Structure formats: structure tokens, C-alpha cells
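Report on one structure; see the data block that follows.
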Amino acid sequence: MNEITLLQQHGPDSAPATESVLNSARHRLLTEIAGAATEPRQRRAGLHRQHGIQRARVLAMTVIAASALFVVSVVVGGVNSAEQSPDRTPTAVTLVAFQMPVFPLALDPMPAGLKAPSFSLHDSRFLAVHQDTAGESDVYLSVYDRRPESLGSTRPVTVHGQPGELSENRPQNGSKYVSVSWEREPGQWVRVTGQGRFGTGAAVLALADTVVERPQEVPLQVHLAPAGWDVFAFKGDTILTLKDENSDATMSVQVVGEASSDLLGTVVGAQEVGRVEVNDRAAHLVRADEIWFLQVPLADGSAFNLQAPRFMTPDQVVAVGEQVTVGR
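Counting from 1 along the sequence shown, just add 987 to a position and that's the residue number in my numbering.
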């Protein structure tokens, strides 16, 4: 699946996932968790070195599947292989201050009619999505630590004095996307993609000329995490997953529209629900078969759900929840 297909099927303008799609995603993800070996980590340069971006390699479809599972409360994101394998025993968890990656670039000036960006991260790609207020014209600003694949027909161009590549792609039954990519500095590749009124060569080249170095913090933040854990992936400012560098253990945060009134019925394997306080706000902590599930209501009526492995203590789960921030 290339970048354009991914944007069309799972980007901000995609249609809601059907029940069959969610069930299929759940099956694929459970199969991968049960059978996949830990992928060897590769030494990363570029973004990691120059901008302090911490992340692990992740397939885009895994992020999408995990997001879908989270939305329907199929709680599998916190499953830890060490708990399932008799020859691997989890060690004690030490919580340390955690720093989220920062998107390094911005558009200046921001074109009229575009909303503030939302951010996603997977594999080597850090993405800022600028949606159009009219819902028809979007801009995607992507940063990579290696050269991205070419999309559609291409021709050479010059961007900020550097050689670049302009490409056009019109997916079947979809809108045309036009992109320009270039190596902005050693180890940092940038791509600007436009759709709708931004879907022309002249438009994306003009946008590329406005790209500047300006760090932007992602709205969904976790400031406390187990030592040795790193960012696995996040998507659309609503789901964030951290992963242990030395095992398959994960911890995820998901922002939802409202708190669930039946956690025993919606959290898979739920055994009991306890009341706790998170930053002086009443919350619920669910003990399930393989995870802890913490649901914290927010002032605007929404909530965030925190999934953590059972080898963490309840106090540690609450402590992490107190260090979650949502919003700009």
C-alpha cells in the first residue's frame, strides 16, 4: 500500500470503518501479536539524530488496526508477550520522565482556510495533516529519515535550491494528489502533498517554498513512562502507543468522545472495576485478564483510555494517567 492509497482509505476524509473491517483488523492484529517475532531494531539517523524524535518501526496498517480496535473497546493493545510465554518473566517497572517527539517543520504563512495540523507517526514518516475548513482541499506535510518512494508520474524540480521530485497520482475513483519531495538537509526528506485546490504542481511548489524550521508539539502527550520504552506510533492526535524496546509489551492512550458506562461489558477480559482519582477527577480502573484499563473523563465530556500491561502496579498506571495531557 502506497502513501496515496493510505491517505485515501485511512486519512481524515476516509469513510467510517464497517463492523466487518473492524473484525478483520482485530483478527489480523491478534494473529500478528501471537505469532510475530520481535523485529530487529535498525539504527536510525536523520530525524532521530537531528530532532530528537524517538520512535520504533511500525507498519501503517498495524496503527490503523490498533486504532480501530481501541475505538470499539477491543482491548488488545496492552497484551504483553512476556506474560504469555513461560520462559520470559517481566522485570519490575521503573517510571521515568518521558519526552514526546516534536514535529520539526511548519508552513509559514499558513494558507487561508486550513485548520491547525493533526499529527501521525509510523515507520520513517512523521506527518502533519492540514485539513481544509470546507472539507475539500487538504495539505499533507511529511518528514522522513530516508528517501520516500516515488508516487505516480514524476519530473525533476528545484525546491529551496535543492533537487526535488514532483509527482502526480490519481487513485481509481479518488481525488488527484500532487506531491513534491526533496532532501531538505542531510538525512531529512520532506514531502508536501496537496489535494483539491492544492492539487496542482504550482500549488505544491508554492507550499514547499513556505516550509520553515519550526518545532510543533503534538497535542496528545505522555510525560511519564516505564524506563526503556519508546514511541511505537500515534495517529491523528487521538491514539498513542509506547513500546518496550526489549519486548513486545505496549502501553496505549486513546482519546474517545465520551466515557463508557459499562466497562465490565466493553473491556475484554474485565474482572473488576475500581474507582480511583486522577488529578482530582473521579476515574475508573479496570483489572482485566492481561491488562489494566484506566478511563479518565475530561472537562469537555470526552475521556481518555489508558491500556497498560498487568505487570505494572495499579499505582503506576494511575501515575502515568496523571501525566497524560490532551489538547493544544
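Glycine is no exception: its CB is placed at the ideal position from the N, C-alpha and C atoms. Note that this is a predicted model, so its numbers are computed, not measured.
Item: Arginine 1184 in three-state terms, based on DSSP; Value: helix
Item: Own chain residues within Cβ distance below 6 Å of leucine 1153, not counting five before or after; Value: Arg1142, Val1144, Val1167 and Gly1188
Item: Contact under 8 Å by Cβ, valine 1305 with leucine 1272; Value: yes
Item: Buried/exposed call for serine 1137, threshold 16 Cβ in 10 Å; Value: exposed
Item: Three-state secondary structure (DSSP) of glutamine 1303; Value: helix
Item: Valine 1146 versus threonine 1225 - alpha carbon distance; Value: 33 Å
Item: Distance, glycine 1161 Cα to valine 1307 Cα; Value: 42 Å
Item: According to DSSP, residues forming a beta bridge with phenylalanine 1221; Value: Leu1108 and Leu1227
Item: Inter-residue CB distance, histidine 1117 and valine 1130 (contact presumed, cutoff 8 Å); Value: Not confirmed; about 14 Å, so no contact.
Item: Continuous beta strand (DSSP E) stretch holding glycine 1151: start and end; Value: 1149-1156
Item: Own chain residues within Cβ distance below 7 Å of leucine 1251, not counting five before or after; Value: Ala1257 and Val1260
Item: Given 8 Å, three or more beta-carbon pairs between the segment 1203-1215 and the segment 1077-1088; Value: yes
Item: Run of the beta strand (DSSP E) containing leucine 1092, from where it starts to where it stops; Value: 1089-1094
Item: Which of helix, strand or coil DSSP assigns to glycine 1308; Value: helix
Item: Cβ pair valine 1313, leucine 1293 closer than 8 Å; Value: no
Item: Leucine 1227 to phenylalanine 1106 span [Cα, whole Å]; Value: 11 Å
Item: Simplified DSSP assignment, three categories, for proline 1103; Value: It should be noted that the sequence gives alanine, not proline, for residue 1103. In this structure, alanine 1103 counts as coil in the three-state DSSP scheme.
Item: For threonine 1253, the three-state DSSP class (helix, strand or coil); Value: helix
Item: Other residues of its chain near asparagine 1266: CB distance less than 7 Å, five sequence neighbours each side excluded; Value: Glu1309
Item: Residue(s) in a DSSP beta bridge with aspartate 1119; Value: Leu1101
Item: Exposure label - serine 1119; buried when at least 16 CB within 10 Å; Value: Residue 1119 is actually aspartate in this sequence, not serine. Counting Cβ neighbours within 10 Å, aspartate 1119 comes out buried, since at least 16 surround it.
Item: Simplified DSSP state of valine 1191, which is helix, strand or coil; Value: helix
Item: 8 Å contact criterion, which glutamine 957 and phenylalanine 1090 should meet: CB distance rounded; Value: Summary: the structure shown does not reach residue 957, with the chain confined to residues 988 through 1315, and so no result is reported for it.
Item: Which listed residue (Val1205, Gly1148, Val1165 and Val1283) has its alpha carbon closest to that of alanine 1093; Value: Val1205
Item: Sequence-distant residues of the same chain with beta carbon closer than 6 Å to serine 1247, five excluded per side; Value: Thr1253
Item: Where histidine 1035 sits in the DSSP three-state scheme; Value: Residue confidence is low: histidine 1035 scores 38 on pLDDT, short of 50, so the model does not pin down where it sits. No coordinate-derived value is stated.
Item: Within 8 Å, strictly: CB atoms of glutamate 1123 and glycine 1181; Value: no
Item: Alanine 1290 versus glutamate 1264 - alpha carbon distance; Value: 14 Å
Item: Spatial distance of glycine 1148 from glutamate 1170 (CA atoms); Value: 10 Å
Item: Buried versus exposed call for proline 1296 [16 or more other C-beta atoms within 10 Å across all chains shown]; Value: buried
Item: Secondary structure, beta strand (DSSP E): runs of 3+ residues fully inside the segment 1231-1298; Value: 1237-1243, 1257-1265, 1268-1275, 1278-1284 and 1290-1296
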